[in-house]
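A.B. asks:
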Amino acid sequence: MEAAVNHLLNSYTDVDVDIVSGQNCSLYDHSGNRFVDFEAGLWSAALGHSHPRITRAITDQASKISHLHTRTPNTVAQLAAETILGITGLAGGKCVFLNSGSEAAELSVKVVRHLVRNRKLLSFANSYLSAYGRAGEKSEVDFRLIDWSNMELHELDAILNDIPFQEIGGFILEPGGSGSGFVRFPPSELVKKAVEKVRQNNGIIVANEVTTGMGRTGKWFGIHHYQIEPDIVILGKGLGNGYPVSAIAIERGLAAQLEEGGFTHVQSHQNDPLGCRVAQEVVMTMREEGLVERSKETGAYFLNGLLELTRKHDLLSDARGRGLVLALEFASGNKLNASWAYRQLLKEGFLVGCYPAANILRFDPPLTIERDDIDLLLQCIDSILNRAEDGLIDTEL
């Protein structure tokens with residue numbers, strides 16, 4: 000294990016555990032120790048690890064055909080596209096399947112730029128696409144950012160009036176600061192007014208649902224909390240339940256413009272039958288197991304437990320969430336912060352998210368998480384905070 004780790008480029012902080020298997024929300028190391036996964040891998044294993052239906056779908060499809068040239072049509076991709084267009088509300092439109100949410104997000108920018116030419120794009124500050132350009136694209140893509148983090152509702156009109164909407168060709172909306180790590184949700188009035196102004200100027204609305212889609216927020220897509228119908232939807236993460244597949248779904252009229260206007264895009268694994276089969280099976284499983292509604296109900300239960308902790312412990316300042324994307328924020332100015340709590344929870348067998356810049360623990364478990372495991376986590380957080388407050392636990396970072 001040590002030799003294998005040493006052969007991997009250390010580009011991100013490693014967790015010092017050796018996971019060898021997983022089942023639903025449980026991960027096991029080589030000694031058989033159990034860790035409860037409250038991150039769903041990296042927010043991707045929406046159905047839980049090693050879901051039997053996904054395992055069977057992968058095995059069955061891989062035994063037939065996994066990969067085809069991009070120009071080769073295949074029925075599996077057609078069926079998956081029809082399904083995705085159905086759940087996104089874009090029936091009659093077109094899909095493209097890729098490998099990762101990042102690829103799908105980048106393709107969405109390429110699509111919008113093709114359609115609106117030299118007009119600017121709008122996004123929220125601290126969203127995933129607000130950072131677009133770090134790989135050298137910034138000179139080609141001009142983003143105008145809305146920073147609503149400290150905004151009061153009475154400031155809404157002033158903020159929007161400062162934006163030259165006649166220059167905006169598209170609004171790429173992440174309906175919840177999940178991809179950026181903050182777990183904050185933009186005010187409904189802001190979203191609706193910004194969308195209205197973009198549409199008044201013939202702009203395109205893109206919903207980036209890589210992290211907020213596929214039932215994560217208690218609805219099929221985070222945009223559904225705002226009663227908005229987007230023109231393009233970006234999907235990833237939960238779409239493959241850990242298998243690398245993503246997609247963008249495009250409204251019928253825009254898809255026709257792209258095809259008639261000579262738009263091209265080629266990627267080696269575009270519309271591969273194996274990824275498409277997985278995506279199709281994930282959606283079918285979510286429907287049949289009622290996981291979107293379960294996410295809503297379980298998330299409300301989880302959030303109530305986190306809020307109770309904030310009322311009990313002065314070390315905590317806030318708890319927030321939608322469905323099963325939640326955050327527990329630590330009060331600033333204390334030695335005992337989110338990074339400290341993260342390490343304590345890992346020792347106790349819980350894998351949770353941590354975002355030090357916001358001083359939060361974040362929770363994005365599989366949608367199949369059991370309330371018993373949520374209770375165990377809440378009890379553990381309560382216990383370590385009690386022991387820290389009583390001086391009975393190591394508080395060194």
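In numbering that gives the first Met the number 0, the protein residues as written are 0 to 396. Note that the Cβ used here is the ideal one computed from N, Cα and C, for glycine as well. Because the structure is a prediction, the values reported are computed rather than measured.
For the region 242-317, list the beta strand (DSSP E) runs that are entirely contained and at least 3 residues long, ordered along the chain.
C.D. replies: 245-249
A.B. asks: With distances taken from CA atoms, which of I83, G168, K334, I231 is nearest A254?
C.D. replies: Taking the sequence shown and counting its residues from 1, the one referred to as residue 254 is at position 255. With distances taken between Cα atoms, A254 lies closest to I231.
A.B. asks: Identify whether S107 lies in helix, strand or coil by the three-state DSSP scheme.
C.D. replies: Counting from 1 along the sequence shown, the entry for residue 107 is found at position 108. Three-state result, S107: helix.
A.B. asks: Rounded to whole angstroms, what is the Cα-Cα separation between P174 and G217?
C.D. replies: Your numbering for residue 174 matches position 175 in the sequence shown. Your numbering for residue 217 matches position 218 in the sequence shown. Each residue's alpha carbon lies about 13 Å from the other.
A.B. asks: So is Y131 buried or exposed if we call it buried at 16+ other beta carbons inside 10 Å?
C.D. replies: Position 132 of the sequence shown, counting from 1, holds the residue named residue 131. Confidence at Y131 is low in this model, with a pLDDT of 49, below 50, so the placement of that residue should be treated as unreliable; the coordinate-derived value is given next. It counts as buried.
A.B. asks: Going along the chain, which residues of its own chain have a beta-carbon closer than 8 Å to the beta-carbon of Q199, five neighbours each way excluded?
C.D. replies: Taking the first residue of the sequence shown as 1, we reach residue 199 at position 200. Answer for Q199: F164, listed in chain order.
A.B. asks: For A356, verify whether its CB is less than 6 Å away from any heavy atom of the ligand ATP.
C.D. replies: The ligand ATP is absent from the structure shown, which contains no ligands of any kind.
A.B. asks: Of the residues F123, G21, D381, which one's Cα is nearest the Cα of N32?
C.D. replies: Position 33 of the sequence shown holds residue 32. When each option's Cα is compared against that of N32, the closest is G21.
A.B. asks: Given this structure, state the Cα-to-Cα distance separating E38 from L376, to the nearest angstrom.
C.D. replies: Along the sequence shown, read from residue 1 onward, the residue named residue 38 stands at position 39. Along the sequence shown, read from residue 1 onward, the residue named residue 376 stands at position 377. So the alpha carbons of these two residues sit roughly 13 Å apart.
A.B. asks: As a quick exercise: from D389, A278, V351, V205, pick the residue whose alpha carbon is nearest that of L24.
C.D. replies: Residue mapping note: residue 24 aligns to position 25 of the sequence shown, counting from 1. Contrary to the premise, residue 24 reads as Cys rather than Leu in this sequence. Ranking D389, A278, V351, V205 by CA distance to the CA of C24 puts V351 first.
A.B. asks: Please report the straight-line C-alpha distance between L366 and V95, rounded to a whole angstrom.
C.D. replies: Counted from its first residue, the sequence shown places residue 366 at position 367. Counted from its first residue, the sequence shown places residue 95 at position 96. Rounded to whole angstroms, L366 to V95 spans 26 Å at the Cα level.
A.B. asks: On the CB-based measure, 16 or more other CB atoms within 10 Å of its CB, does N207 come out buried or exposed?
C.D. replies: Position 208 of the sequence shown holds residue 207. For N207, the number of other beta carbons within 10 angstroms of its own is at least 16, and it is reported as buried.
A.B. asks: According to DSSP, is G168 part of a helix, a strand, or is it coil?
C.D. replies: Taking the first residue of the sequence shown as 1, we reach residue 168 at position 169. The answer is strand: DSSP assigns G168 an E or B state.
A.B. asks: Alpha carbon to alpha carbon, what distance is there between L273 and K236?
C.D. replies: By 1-based counting over the sequence shown, the position of residue 236 is 237. By 1-based counting over the sequence shown, the position of residue 273 is 274. Computed Cα separation, rounded: 16 Å.
A.B. asks: With distances taken Cα to Cα, identify the nearest neighbour of G322 among D363, I162, K93.
C.D. replies: For the purposes of this step, residue 322 is taken as residue 323 along the sequence shown, with counting starting at 1. Nearest C-alpha to G322: D363.
A.B. asks: Look up R361 in the DSSP assignment and say whether it is helix, strand or coil.
C.D. replies: The residue given as residue 361 occupies position 362 in the sequence shown. R361: strand per DSSP, three-state reduction.
A.B. asks: Can you have a look at L391 and say buried or exposed, based on whether 16 or more other CB atoms are within 10 angstroms of its CB?
C.D. replies: As a first step, residue 391 must be located in the sequence shown, where it is residue number 392. So L391 ends up on the exposed side.
A.B. asks: Out of curiosity, what's the CA-to-CA distance linking L84 and G239?
C.D. replies: Taking the sequence shown and counting its residues from 1, the one referred to as residue 84 is at position 85. Taking the sequence shown and counting its residues from 1, the one referred to as residue 239 is at position 240. Rounded to whole angstroms, L84 to G239 spans 16 Å at the Cα level.
A.B. asks: Specify whether the region 258-276 and the region 343-350 touch according to this definition: at least 3 beta carbon pairs, one from each stretch, less than 8 Å apart.
C.D. replies: no
A.B. asks: Quick one, which of R251, A340, A357 has its alpha-carbon nearest S382's?
C.D. replies: The residue you call residue 382 lines up with position 383 of the sequence shown. Closest option to S382, Cα to Cα, is A340.
A.B. asks: Counting C-beta neighbours from all protein chains within 10 Å, is the total for M213 16 or more, i.e. buried, or is it exposed?
C.D. replies: Here residue 213 corresponds to residue number 214 of the sequence shown, with the count starting at 1. Per the 10 Å Cβ criterion, buried.
A.B. asks: Can you tell me whether A157 is buried or exposed? The criterion is at least 16 other CB atoms within 10 Å of its CB, across all chains shown.
C.D. replies: Within the sequence shown, residue 157 is the residue found at index 158, counting from 1. By the 10 Å Cβ count, A157 comes out exposed.
A.B. asks: Judging by CA-CA distance, which residue of A56, D36, D15, L26 is the nearest neighbour of R276?
C.D. replies: As a position in the sequence shown, residue 276 is number 277, starting the count at 1. The shortest C-alpha separation from R276 is found at A56.
A.B. asks: Suppose the cutoff is 7 Å on Cβ atoms and the five residues either side in sequence are ignored; what does the same chain contact list for E151 look like?
C.D. replies: Walking along the sequence shown from the start, residue 151 turns up at place 152. Cβ within range, chain order: n/a, list empty.
A.B. asks: So, with DSSP's three-state summary, where would you put Y11?
C.D. replies: Here residue 11 corresponds to residue number 12 of the sequence shown, with the count starting at 1. Coil.
A.B. asks: Going by DSSP in three states, L344 sits in which element: helix, strand or coil?
C.D. replies: On the sequence shown, position 345 is the one that residue 344 refers to. In the structure shown, L344 sits in a helix (DSSP, three-state: H, G or I).
A.B. asks: Is V190 closer than 7 Å to T69 when the C-beta atoms are compared?
C.D. replies: As a working note, residue 69 is residue 70 in the sequence shown. As a working note, residue 190 is residue 191 in the sequence shown. Not a contact, by the Cβ cut-off of 7 Å.
A.B. asks: Which residues in the same chain as Q60 place their Cβ atom closer than 8 Å to its Cβ, once the five residues preceding and following it in sequence are excluded?
C.D. replies: Position 61 of the sequence shown, counted from the start, is the residue given in the question as residue 60. Result list for Q60: V75, P272, L273, R276, V277, in chain order.
A.B. asks: Where does G88 fall in DSSP's three states?
C.D. replies: Within the sequence shown, the letter at position 89 stands for residue 88. Residue state, collapsed to three classes: coil.
A.B. asks: For E136, name the three-state secondary structure that DSSP assigns.
C.D. replies: Here residue 136 corresponds to residue number 137 of the sequence shown, with the count starting at 1. Note that E136 has pLDDT 46, beneath the 50 cutoff, so the model's placement of it is unreliable and no number is given.
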